[in-house]
Structure formats: C-alpha cells, structure tokens
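Numbering (the numbering used here), first residue to last: 109 to 273. Every residue gets a Cβ at the ideal spot worked out from N, C-alpha and C, and that includes glycine. Computed from a prediction, not measured in an experiment: that's the story for all the values here.
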C-alpha cells in the first residue's frame with residue numbers, strides 16, 4: 109500500500125493531507141482504502157472518518173418527542189436547561205447560520221465570564237444571546253503544523269469557520 113506515495117509523505121503526515129482526509133471523503137470505497145493506509149502508518153493511533161452534518165433543529169425536544177408539560181419529565185426536573193452554558197470546541201462557527209438566531213433566547217447568565225474575541229471576519233457584534241462567547245486558538249496549531257493558511261478565505265484567524273457551518 110505504501111508504493112503510491114512519495115517517501116517524504118510516508119515520514120511526515122502533512123497538515124494538507126490530514127485536511128484532505130477531513131473533507132467527508134470517507135463515503136467512497138477509495139477513501140476506505142486510504143483510511144486503511146493511513147491507519148497502517150507509524151505513529152498513527154487511529155483514523156476517524158469525519159462527517160459534516162447540518163443542523164436539523166433548534167427544538168430538540170420536539171424532534172425527540174419529549175413533552176415539556178409532564179411534571180415528572182426530564183425537562184421539568186431540569187427546568188428545561190435554564191441557566192445552562194454549553195461549551196463546544198470546533199473549527200469555528202458561522203454566526204449567520206439560522207441555528208444561531210436568538211429570537212426568544214434569554215440573555216446570557218450573569219455568571220458567564222467568557223469573551224467574544226474578534227479576528228478576521230468576526231466582530232464582537234457577531235456574538236448574540238445564543239453565541240455568548242467565542243475564542244480562537246492558533247499557537248498550538250502553528251507550533252505543530254506551521255502558519256495557518258488564511259489566503260483566499262481558506263481559514264480565518266478568528267472564531268469564524270471558513271466552511272460555513
């Protein structure tokens with residue numbers, strides 16, 4: 109299996125190749141072949157196919173058929189999650205997405221101490237009552253892989269996601 113790649117690629121998995129494997133290509137038989145190849149490389153612990161999903165609902169309880177009116181139900185017992193702060197690590201966000209509309213959303217809890225960090229194509233005004241904080245981290249990436257490619261909107265030095273999810 110190793111014969112189809114140049115030796116330089118066999119000794120160092122470049123970020124470009126890792127990114128190629130991250131573009132939902134695992135749907136095809138040829139990519140399952142590549143997955144097996146990458147798993148066989150020295151130093152590779154595991155290859156996990158990445159799939160991109162679109163947000164289907166912002167009303168999960170309707171989708172799950174959970175009745176919020178039942179007093180003994182999970183939503184009642186948890187006060188429907190009121191006051192919850194959910195943190196998530198991701199490649200970025202697209203604040204214009206319908207899933208981030210904050211109509212009818214309460215203000216952030218007063219105990220929230222996060223920030224809305226500005227950067228390329230992302231202003232503090234991109235935060236809302238739904239996106240109550242956003243940060244971006246690049247030093248670790250650049251120490252490992254080299255400077256982030258921000259040419260032609262490939263990536264942004266900000267919380268914004270270039271893929272638009």
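Buried versus exposed call for residue i [16 or more other C-beta atoms within 10 Å across all chains shown]
| i | result |
| --- | --- |
| residue 200 | buried |
| residue 209 | exposed |
| residue 274 | Absent from the model: residue 274. The displayed extent of the chain is 109 to 273, so no value can be given. |
| residue 58 | The first residue shown for the chain is 109 and the last is 273, placing residue 58 beyond what the model contains. |
| residue 150 | exposed |
| residue 120 | Summary for residue 120: the model assigns pLDDT 46, below 50, so the residue's position carries little reliability; its value from the coordinates is reported in the next sentence. The residue is exposed, with fewer than 16 neighbouring Cβ atoms inside 10 Å. |
Cα-Cα separation, residue i to residue j
| i | j | result |
| --- | --- | --- |
| residue 262 | residue 271 | 8 Å |
| residue 187 | residue 146 | 46 Å |
| residue 258 | residue 229 | 11 Å |
| residue 217 | residue 265 | 28 Å |
| residue 154 | residue 179 | 45 Å |
| residue 114 | residue 190 | With a pLDDT of only 48 at residue 114, under 50, the local geometry of the prediction cannot be trusted, and the value read off the model is given with reservation. Cα to Cα, the separation comes out at about 55 Å. |
| residue 231 | residue 205 | 15 Å |
| residue 239 | residue 252 | 29 Å |
| residue 140 | residue 213 | 42 Å |
| residue 237 | residue 254 | 35 Å |
| residue 192 | residue 183 | 13 Å |
| residue 177 | residue 202 | 33 Å |
| residue 215 | residue 227 | 23 Å |
| residue 248 | residue 198 | 15 Å |
Near the ligand GTP: residue i beta-carbon under 7 Å from a heavy atom
| i | result |
| --- | --- |
| residue 185 | Only the bare structure without any ligand can be found here, which leaves the ligand GTP out of the picture. |
Unbroken alpha helix (DSSP H) run spanning residue i, endpoints
| i | result |
| --- | --- |
| residue 185 | 182–185 |
| residue 248 | 247–253 |
CB contact check: residue i to chain D, cutoff 8 Å
| i | result |
| --- | --- |
| residue 151 | Absent from the structure is chain D; it holds one protein chain and no more. |
If we count Cβ pairs, one from each stretch, closer than 8 Å, do we get three or more for the stretch 206–222 versus the stretch 237–244?
yes
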